[in-house]
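One structure is given below, encoded as structure tokens.
In our numbering, the protein residues as written are 2 to 181.
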């Protein structure tokens with residue numbers, strides 16, 4: 002029995018060693034599992050913190066972009082008002098331009114009529130000048146003829162006066178062929 006007890010004791014000691022090894026392996030696996038879970042929790046916590054930081058950063062970016070959007074919307078509104086004003090001014094300028102073009106056409110037509118009238122008057126003046134020159138030439142010819150006639154008349158008058166003078170010197174009445 003002593004031998005049996007010793008064997009039983011060795012058996013229990015070995016069983017206890019085996020149990021300790023099993024527990025030790027199990028505990029090592031559990032510690033590895035706990036460490037793995039701790040690492041997972043740590044990684045997830047870190048990911049959560051990173052995501053929260055990203056969310057805060059994204060929210061700030063959204064606020065900044067929203068501010069820019071509002072600023073750009075205000076700029077667009079003011080640009081639309083300015084565009085409307087410029088469009089109105091452009092329409093006004095276009096209508097003035099069209100009115101001025103029509104006025105220019107009217108002036109062109111009036112100028113053309115005036116030029117035509119001046120050309121016609123110039124032609125009439127040329128015609129009148131030619132007629133005046135012709136009339137002056139005719140007058141000069143008439144004056145020359147009149148001078149010749151007056152010269153002839155003057156000669157005739159001088160001859161008549163001389164004849165009268167000669168007759169008055171003789172104081173003889175002229176013989177009338179009918180009375181004799």
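Glycine included, C-beta positions come from ideal geometry on N, C-alpha and C. Computed from a predicted model, the values in this text were never measured in an experiment.
Residue i beta carbon near the ligand HEM (any heavy atom closer than 7 Å)
| i | result |
| --- | --- |
| residue 115 | With respect to small molecules bound, the structure shown includes none, and the ligand HEM cannot be examined in it. |
Assigned secondary structure, residue i (DSSP; H/G/I helix, E/B strand, else coil)
| i | result |
| --- | --- |
| residue 162 | helix |
| residue 181 | For residue 181, the predicted model reports a pLDDT of 49, less than 50, meaning its position is unreliable and no value from the coordinates is stated. |
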